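Worksheet: one structure, shown below.
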Amino acid sequence: MSQTDQSRIRNFCIIAHIDHGKSTLADRIIEKTGLLTDREMQDQVLDNMELERERGITIKAQTVRLVYRAKDGNEYIFNLIDTPGHVDFNYEVSRALAACDGAILVVDAAQGIEAQTLANVYLALDHDLDVFPVINKIDLPSADPEHVVEEIEDVIGLEAQDAPLISAKNGVGIEEVLEQVVAKVPAPTGEPEAPLKALIFDSVYDSYKGVIVFCRLREGSVKKGTRIKMMATGATAEVVEVGYFGAGQFIPCEELQAGMVGYLTASIKNVKDTRVGDTVTDLDNPCAEPLPGYKKVNPMVYCGVYPADTNKYPDLRDALEKLQLNDASLFYEPETSLALGFGFRCGFLGLLHLDIIQERLEREYNLDLVTTAPGVIYKVYRTNGEMIELTNPSNLPDPSEIDYMEEPIVSAEIMVTTEFIGPIMQLCQERRGRYISTEYIETTRALLKYELPLNEIIYDFFDALKSRSKGYASFDYDLKGYEMSKLVKLDILINKEEVDALSFIVHADSAYERGRKMCEKLKGEIPRHLFEIPIQAAVGGKVIARETVKAMRKDVLAKCYGGDITRKKKLLEKQKEGKKRMRQVGNVEIPQSAFMSVLKLDTRD
Amino acid sequence: MENRVERKALSLYVHIPFCVRKCAYCDFLSAPASEKEKEHYVNILCGEIEREAVRYPGYRVETVFFGGGTPTVLKPDQMDKILCKLKSCFMMETAEGEDEEPEITLECNPGTVAGEDLGKLRGMGFNRLSLGLQSARNEELRKLGRIHTWEEFLETWYSAREAGFRNINVDLMAALPGQRVESYVNSLERVMELFPEHISAYSLIIEQGTPFYERYGEADEQRKRYGEDREHLLPSEEEERAMYERTREILAHGGYHRYEISNYARPGYECRHNITYWKRGDYLGFGLGAASLMKNCRFANAGVLAEYEGGLHREERQLSVQEQMEEFMFLGLRLTEGVTCGAFWDAFHVSIENIYGSVLKKLECQGLLAREGERIFLTGPGIDVSNMALAEFLL
Numbered sequence: 001m002s003q004t005d006q007s008r009i010r011n012f013c014i015i016a017h018i019d020h021g022k023s024t025l026a027d028r029i030i031e032k033t034g035l036l037t038d039r040e041m042q043d044q045v046l047d048n049m050e051l052e053r054e055r056g057i058t059i060k061a062q063t064v065r066l067v068y069r070a071k072d073g074n075e076y077i078f079n080l081i082d083t084p085g086h087v088d089f090n091y092e093v094s095r096a097l098a099a100c101d102g103a104i105l106v107v108d109a110a111q112g113i114e115a116q117t118l119a120n121v122y123l124a125l126d127h128d129l130d131v132f133p134v135i136n137k138i139d140l141p142s143a144d145p146e147h148v149v150e151e152i153e154d155v156i157g158l159e160a161q162d163a164p165l166i167s168a169k170n171g172v173g174i175e176e177v178l179e180q181v182v183a184k185v186p187a188p189t190g191e192p193e194a195p196l197k198a199l200i201f202d203s204v205y206d207s208y209k210g211v212i213v214f215c216r217l218r219e220g221s222v223k224k225g226t227r228i229k230m231m232a233t234g235a236t237a238e239v240v241e242v243g244y245f246g247a248g249q250f251i252p253c254e255e256l257q258a259g260m261v262g263y264l265t266a267s268i269k270n271v272k273d274t275r276v277g278d279t280v281t282d283l284d285n286p287c288a289e290p291l292p293g294y295k296k297v298n299p300m301v302y303c304g305v306y307p308a309d310t311n312k313y314p315d316l317r318d319a320l321e322k323l324q325l326n327d328a329s330l331f332y333e334p335e336t337s338l339a340l341g342f343g344f345r346c347g348f349l350g351l352l353h354l355d356i357i358q359e360r361l362e363r364e365y366n367l368d369l370v371t372t373a374p375g376v377i378y379k380v381y382r383t384n385g386e387m388i389e390l391t392n393p394s395n396l397p398d399p400s401e402i403d404y405m406e407e408p409i410v411s412a413e414i415m416v417t418t419e420f421i422g423p424i425m426q427l428c429q430e431r432r433g434r435y436i437s438t439e440y441i442e443t444t445r446a447l448l449k450y451e452l453p454l455n456e457i458i459y460d461f462f463d464a465l466k467s468r469s470k471g472y473a474s475f476d477y478d479l480k481g482y483e484m485s486k487l488v489k490l491d492i493l494i495n496k497e498e499v500d501a502l503s504f505i506v507h508a509d510s511a512y513e514r515g516r517k518m519c520e521k522l523k524g525e526i527p528r529h530l531f532e533i534p535i536q537a538a539v540g541g542k543v544i545a546r547e548t549v550k551a552m553r554k555d556v557l558a559k560c561y562g563g564d565i566t567r568k569k570k571l572l573e574k575q576k577e578g579k580k581r582m583r584q585v586g587n588v589e590i591p592q593s594a595f596m597s598v599l600k601l602d603t604r605d
Numbered sequence: 001m002e003n004r005v006e007r008k009a010l011s012l013y014v015h016i017p018f019c020v021r022k023c024a025y026c027d028f029l030s031a032p033a034s035e036k037e038k039e040h041y042v043n044i045l046c047g048e049i050e051r052e053a054v055r056y057p058g059y060r061v062e063t064v065f066f067g068g069g070t071p072t073v074l075k076p077d078q079m080d081k082i083l084c085k086l087k088s089c090f091m092m093e094t095a096e097g098e099d100e101e102p103e104i105t106l107e108c109n110p111g112t113v114a115g116e117d118l119g120k121l122r123g124m125g126f127n128r129l130s131l132g133l134q135s136a137r138n139e140e141l142r143k144l145g146r147i148h149t150w151e152e153f154l155e156t157w158y159s160a161r162e163a164g165f166r167n168i169n170v171d172l173m174a175a176l177p178g179q180r181v182e183s184y185v186n187s188l189e190r191v192m193e194l195f196p197e198h199i200s201a202y203s204l205i206i207e208q209g210t211p212f213y214e215r216y217g218e219a220d221e222q223r224k225r226y227g228e229d230r231e232h233l234l235p236s237e238e239e240e241r242a243m244y245e246r247t248r249e250i251l252a253h254g255g256y257h258r259y260e261i262s263n264y265a266r267p268g269y270e271c272r273h274n275i276t277y278w279k280r281g282d283y284l285g286f287g288l289g290a291a292s293l294m295k296n297c298r299f300a301n302a303g304v305l306a307e308y309e310g311g312l313h314r315e316e317r318q319l320s321v322q323e324q325m326e327e328f329m330f331l332g333l334r335l336t337e338g339v340t341c342g343a344f345w346d347a348f349h350v351s352i353e354n355i356y357g358s359v360l361k362k363l364e365c366q367g368l369l370a371r372e373g374e375r376i377f378l379t380g381p382g383i384d385v386s387n388m389a390l391a392e393f394l395l
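In the order they appear, the protein sequences are chains P and X.
Each residue of the first sequence is one higher than the one before, counting from 1 in my numbering.
Each residue of the second sequence is one higher than the one before, counting from 1 in my numbering.
Structure (structure tokens):
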């Protein structure tokens, strides 16, 4: 393989809005190139994490090397680099794109262009990729390919007249796509004799080999024994193995050269040393400067994660440690809550990332978790001139010591059919959005641009967006920066005791509303006790909302008939079981569900 | 005499799963049936009694309870057949011997039994009646889907007295839809004027799978449907509690004492059969779905006729010592006399403090439980929230 002619290599990816059929097309391409037998062919080969399969989204970028015999009689090496499909993983997407030379843009023949379609196309064009469109799902009754062709040309400005009309599901038109890959994706360039310069676009941790680094070689070559250096992190290592990606397996080879996509291992113990976007070079013969575009991704959303069973704290710590081996963007540090005991403050790229980690902890590590309301990083400027980055509301200094606070703002793009512009604009206004512009993409669709505080969209913005547009709106955002804002800490007192795990930071104008909702919700969650329990929301010691859980007055068993006591016992057992899952705060028992339910406060009703 | 001392006390329950019409709140094993089905059932039942009795030779029967359904939908000669079968298969004798008859109760719904039949039943040996009145107000009875009126109940009542029943229980229900404290108290007083020996006063529990659940199951739904129309709304919790309190006051005034959460009796007329359940005495159940406790093993017949005919037990469970302790507490504490430390020791040879010390202390602090010498019992407030208190005793 070492003498592969660069002109016979095609490095590309598939970009699409979620659900437009990216993974299905990838499956078909793998099938058609015939590298896999039918037996090996599972549905959606690329998404191999269980969770990804279930949710139908790609979380970690994956890649596969294929051999395609084209109609011109030549064999081509295809490196298909899969990209994550969610805004939380924007940076990973951008690095995966940087490893490619071209991109297939998949557009749903019925849905047309969506917010992520645009965002991904612009991202691809930013990386100088040659993008060619493919129109998928032509088998749908509501498919309107001509219209979508026009839309692609008008909105994106891509030539689309010869776009393959395909049905990835039914395997229609795939040959055409493969031929266009050969014709439209440029062959890689790069000097094999130059000093090594390779882009890391992903890495995974393997308990035998250590970190497996996924890279695209821009210049030079690498083989077993090469001493390498990561230019941003400074980590050095000696290469143990290089190779390329079979479907679902790693296939070692002699050497990787400029233009190729492959992996290397070097007994690296931690993915933190092999940051996505970093440049790998030869320690003994380094390149002059790294590839552009590296940045350290920082978590945007934080929340407390606690084991439901307080004895499971060490298990949770081990699980987080293991997950972090594979996920450099996951952050955690120990914290303590009066209500929830020992746990961790964890940082995530976004809500989906949070969801995924939480599910993996629960599923793969068999842990029951209690998570607190997610928040963002606030910048708190103290009167003494010091600035702290606040991730846990409990650490907010006394108001008298605070000069002012800043919160993160995102630039959001919302693609919506015109009939729903009203409700969506209203939603953005409710969420303290700043209107920027409306661009009509065509007569029935518009792109709304807003600036929104991040803490307003991490709760249930997606859900609200979906429900108010009947599912027709799509959404994408980018962190814009920090702005000064009037923020307060909302405390919840249960039976006059502050429950730290329920505190959160909120804009002063929404405090009353949120406090009221919170109290209402908690009233429904906290079971009645023998005494009356006041639930209060307070800002700076001033109570702004109150509900009361009435005292339990009567709770008597029904008639015990014919000596059949089993049902009665079950009832008592249920009652007892419920109690076990409670957290004691003062002399009130709070069910774990109460900590979670407050995450879903729809602001509308 | 000697024989009596050696033999162990036993209670028998006979389930008759038939009724004239299913009530709207009922989730027991019961349904209307044809004459042929009833006859068939009586035969299977007698077969079961014969078969089972030989397995338990060393017992004497102190109490028998015919429950349902409405047992009196069977003809008197069918009842006689069953009762005779029991008498021929088991020794019927109390610890007092000649001085006290076994308690043989028949559950009976007003309007299902004629005066002359009551005489026959008394003659066969039934000596206690349990009349399912539920309410003395006809509009409330209608809502419950009961087949009788207050007037029809009175007819049955006087016939029963005439037939020689000197021990009669009347069932009443509180917390009925549209019921108010005043109307409940009115029912109670009307019944008390008749001076029955025993009164059971339960709260209506809305069980899933009944027409009542559809109608009243979810409080929110209920409000949506009926608004604030008090004719249909279930009484509030405060009202329900007031009904409970008034029951105790009024009945105490009338000479009845509460001996169990929902049961009141004139002195000496406590239902011995029910007390067997709470004190975990041995009992055998015959008939569809009937439950038994024998030597700390709980089992029950299948609840589906075809399976019951085949002699299937629905479930059988030898109770662990821990389960026995749990039962001892959560059943025993239903009785107002409660449990005693000595009885606990006798049953388990370990001190109650060892097992339940912290629970007892906690409930005592909360005012739900009290101790008087040997005796441990729920207080008035403890009875009000007995589910919560009793759940603490699960280990």
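Cβ coordinates follow ideal geometry from the N, Cα and C atoms, glycine included.
Computed from a predicted structure; not experimentally measured.
State buried or exposed for residue i, treating a residue as buried only when at least 16 other CB atoms are found within 10 Å of its CB.
| i | result |
| --- | --- |
| P/Gln426 | exposed |
| X/Ala306 | exposed |
| X/Trp345 | exposed |
| P/Thr37 | The predicted position of P/Thr37 is uncertain, since its pLDDT is 39 and thus under 50; no value can be drawn from it. |
| P/Pro252 | exposed |
| P/Val136 | Rather than Val, the amino acid found at residue 136 of chain P in this sequence is Asn. Buried, since its Cβ has 16 or more Cβ neighbours within 10 Å. |
| P/Gln536 | buried |
| P/Tyr244 | buried |
What first and last residue would you give for the alpha helix (DSSP H) that runs through residue i?
| i | result |
| --- | --- |
| P/Gln358 | Leu351 to Glu364 |
| P/Tyr608 | Outside the modelled stretch of chain P, which goes from 1 to 605, sits residue 608 of chain P, for which no answer is possible. |
Taking the straight line between their C-alpha atoms, what separation do you get for residue i and residue j?
| i | j | result |
| --- | --- | --- |
| P/Gly471 | P/Leu465 | 8 Å |
| X/Met79 | X/Gly164 | 18 Å |
| P/Gly21 | P/Glu255 | 34 Å |
| P/Asp47 | P/Ile30 | In this prediction, P/Asp47 has a pLDDT of 47, which is less than 50 and means its spatial position is unreliable; nothing more can be read from the coordinates. |
| P/Val45 | P/Asp27 | Its pLDDT being 49, under 50, P/Val45 is placed unreliably by the model, and the measurement read from it follows with that caveat. Distance between the alpha carbons of P/Val45 and P/Asp27: 6 Å. |
| X/Met329 | X/Leu395 | 11 Å |
| X/Ala302 | P/Phe475 | 58 Å |
| P/Asn11 | P/Ile104 | 11 Å |
| X/Ala252 | X/Tyr264 | 9 Å |
| P/Ser597 | P/Lys521 | 7 Å |
| P/Ile14 | P/His127 | 14 Å |
| X/Tyr356 | P/Ile494 | 30 Å |
If I measure Cβ to Cβ from residue i and keep anything under 7 Å in the same chain, skipping five residues before and after, which residues do I get?
| i | result |
| --- | --- |
| P/Lys579 | Glu589 |
| P/Glu191 | Glu219 and Ala258 |
| P/Glu364 | none |
What is the residue span of the beta strand (DSSP E) that residue i lies within?
| i | result |
| --- | --- |
| P/Thr63 | Thr63 to Arg69 |
| X/Pro211 | From DSSP, X/Pro211 is part of no beta strand (DSSP E) but of the alpha helix (DSSP H) over Pro211 to Tyr216. |
Give me, in chain order, the residues of the same chain whose beta-carbon lies closer than 8 Å to that of residue i; leave out the 5 immediate sequence neighbours on both sides.
| i | result |
| --- | --- |
| X/Leu360 | Ile352, Glu353, Leu369, Arg371 and Ile376 |
| P/Met484 | Tyr404, Met405 and Glu406 |
What residues from chain A crowd round residue i, counting only those whose CB sits closer than 7 Å?
| i | result |
| --- | --- |
| X/Phe330 | Among the chains of the structure shown, chain A does not appear; the protein chains present are P and X. |
Using a threshold of 7 Å, is the CB atom of residue i nearer than that to any non-hydrogen atom of the ligand COA?
| i | result |
| --- | --- |
| P/Leu487 | As far as ligands go, the structure on display features none, and thus does not contain the ligand COA. |
Leaving aside the five residues before and after residue i along the sequence, list all residues of the same chain whose C-beta is less than 6 Å from its C-beta, in chain order.
| i | result |
| --- | --- |
| P/Glu114 | His17, Met415 and Ser474 |
Would you mind listing the beta strand (DSSP E) stretches within the segment 295 to 372 of chain X that are 3+ residues and don't spill past its ends, in chain order? 297 to 301, 313 to 318 and 369 to 372
In chain order, what are the residue ranges of uninterrupted beta strand (DSSP E) at least 3 long that sit wholly in the segment 128 to 185 of chain P? 130 to 136
Please give the ranges of any beta strand (DSSP E) in the segment 241 to 324 of chain P, keeping only runs that are unbroken, at least 3 residues long and fully inside the region. 241 to 246, 249 to 253, 255 to 257, 261 to 265, 279 to 282 and 301 to 307
Taking the runs of the beta strand (DSSP E) that are 3 residues or longer, which of them lie wholly in the segment 531 to 568 of chain P? 533 to 539 and 542 to 549
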